[in-house]
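A quick write-up on the structure given underneath.
Residue numbers (this note's numbering): 235 to 648.
Here it is in structure tokens:
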């Protein structure tokens, strides 16, 4: 029975009801020696507490997309078949343009939000370069199957969750496709193909989207294998022009790092409550040595770059939760690198999905302009604009979180 499936949730609800009903019905009716009656009552109490805790955990897990499978929860699953030393470019010397196309089999994905807005499909991908074997979720925009767009190539955004986190959380909890589909139809947001690959590849650790020879090649999985699969199976624009990566929390760190490290693969990145130094996530493999920390710190990558990468970064954060790191990146960036910082006040909420959900639309409007996708379709084409950065403490919570609140308090920054 799936950890995030509806049958398991309903089973827990039924057991919780039963756990409450049993003491009410049997507490005073128990017969037998006093010790046995005491043991039976203790068992009923433990059963009630256990089912209550389990139900709350499942509800929280489903709401935040923390663990996708029992293996993720128990720390028993691995998705790494091999982790060869692939060199500084992460290709292992393989000529990527000479690799044959591989057609994938896609099925309807299951879980919260997976059937909404046209449905999300899933495939099991065996990474030719990285040695990773894991699932990838893909959502196609409304225009993709329309006859008028039969020969059009579409831009792509890779979506990365936090740690712990499920790739499905972007579709389930953040409802990215449900929020964007009507805006894509009206031309206010470009018709992006949304791709969410698994990022939890090893039990009990965050890969930090890093290549660690002998352990995992997460960078090559995300920046080479997954994009190649998408190019082989869908009509997509060429990289880097039509490609971006977005993430929240640990996924935000990865998004920024991948874009800065691979300007030949991505043109833009969106970071929601991210950070630069991998050591912020104590379970990150990228923080296990000084060399790995330096190689996977986007701030240091920008500072040491011989030539500034032609990438655009959208970085949002709150005080002590991403804002300071974003400002540091903006100060370090040199043309043609551009950094757009969105200040989110502490009053907007904490490090949760509720904070990031309202930021989806402003971020994708920004991506529409940065990837040169202004002219989409319909009367609304070309009107998307970058969101305002500062927020006002007197505005509604959703406006605060999105960065679209009034600008009266722009000067009130830490």
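C-beta atoms are modelled at their ideal positions from N, C-alpha and C, and glycine is treated no differently.
Exposed unless 16 or more other CB atoms sit within 10 angstroms - verdict on residue i
i, result
"residue 565", "exposed"
"residue 435", "buried"
"residue 530", "buried"
"residue 240", "exposed"
"residue 619", "Here residue 619 scores only 36 on pLDDT, less than 50, and its place in the model should not be relied on; the value that follows carries that caveat. Residue 619 is exposed by the Cβ-count criterion."
"residue 345", "buried"
"residue 627", "Bear in mind that a pLDDT of 39 at residue 627, under 50, signals an unreliable position, so the number given afterwards is only what the model happens to contain. Exposed is the call here."
"residue 559", "buried"
"residue 319", "exposed"
"residue 335", "exposed"
"residue 364", "buried"
"residue 198", "What the structure shows of the chain is the stretch from 235 to 648, and residue 198 is not part of that stretch, so it cannot be assessed."
Rounded distance between the beta-carbons of residue j and residue i, thought under 8 Å
i, j, result
"residue 602", "residue 519", "So it is not a contact: roughly 34 Å between Cβ atoms."
"residue 330", "residue 462", "7 Å"
"residue 253", "residue 281", "5 Å"
"residue 237", "residue 303", "6 Å"
"residue 399", "residue 307", "In fact, because the Cβ distance is near 12 Å, the residues do not count as touching under 8 Å."
"residue 411", "residue 464", "Not really, about 16 Å apart at Cβ, beyond 8 Å."
"residue 480", "residue 489", "5 Å"
Residue i in three-state terms, based on DSSP
i, result
"residue 590", "helix"
"residue 285", "helix"
"residue 300", "coil"
"residue 623", "Confidence at residue 623 is low in this model, with a pLDDT of 38, below 50, so its placement is unreliable and the value that follows should be read with caution. Three-state result, residue 623: coil."
"residue 504", "strand"
"residue 555", "strand"
"residue 274", "helix"
"residue 341", "strand"
"residue 517", "coil"
"residue 452", "helix"
"residue 380", "coil"
"residue 661", "Only positions 235 to 648 of the chain appear in this structure, which leaves residue 661 out of reach."
"residue 237", "coil"
"residue 498", "coil"
"residue 511", "coil"
Proximity below 8 Å, CB of residue i to CB of residue j
i, j, result
"residue 499", "residue 478", "no"
"residue 504", "residue 543", "no"
"residue 406", "residue 347", "yes"
"residue 485", "residue 394", "yes"
"residue 460", "residue 425", "no"
"residue 453", "residue 327", "no"
"residue 277", "residue 314", "no"
"residue 362", "residue 333", "yes"
"residue 532", "residue 550", "no"
"residue 483", "residue 396", "yes"
"residue 536", "residue 506", "no"
"residue 476", "residue 389", "yes"
"residue 470", "residue 521", "no"
"residue 351", "residue 371", "no"
"residue 517", "residue 439", "yes"
"residue 579", "residue 552", "yes"
"residue 271", "residue 264", "yes"
"residue 457", "residue 496", "yes"
Residue range of the alpha helix (DSSP H) that includes residue i
i, result
"residue 411", "410 to 420"
"residue 487", "484 to 495"
"residue 431", "Segment 427 to 431 is the beta strand (DSSP E) holding residue 431; no alpha helix (DSSP H) there."
"residue 649", "The displayed coordinates of the chain run from 235 to 648. Any statement about residue 649 would go beyond what the structure contains."
"residue 259", "240 to 260"
"residue 525", "524 to 529"
"residue 319", "Segment: none, residue 319 is in no alpha helix (DSSP H) and carries neither H nor E."
"residue 536", "532 to 538"
"residue 464", "460 to 467"
"residue 220", "Because the chain here runs from 235 to 648, residue 220 falls outside it and cannot be looked at."
For residue i, the first and last residue of its enclosing beta strand (DSSP E)
i, result
"residue 367", "367 to 373"
"residue 572", "572 to 577"
"residue 392", "390 to 394"
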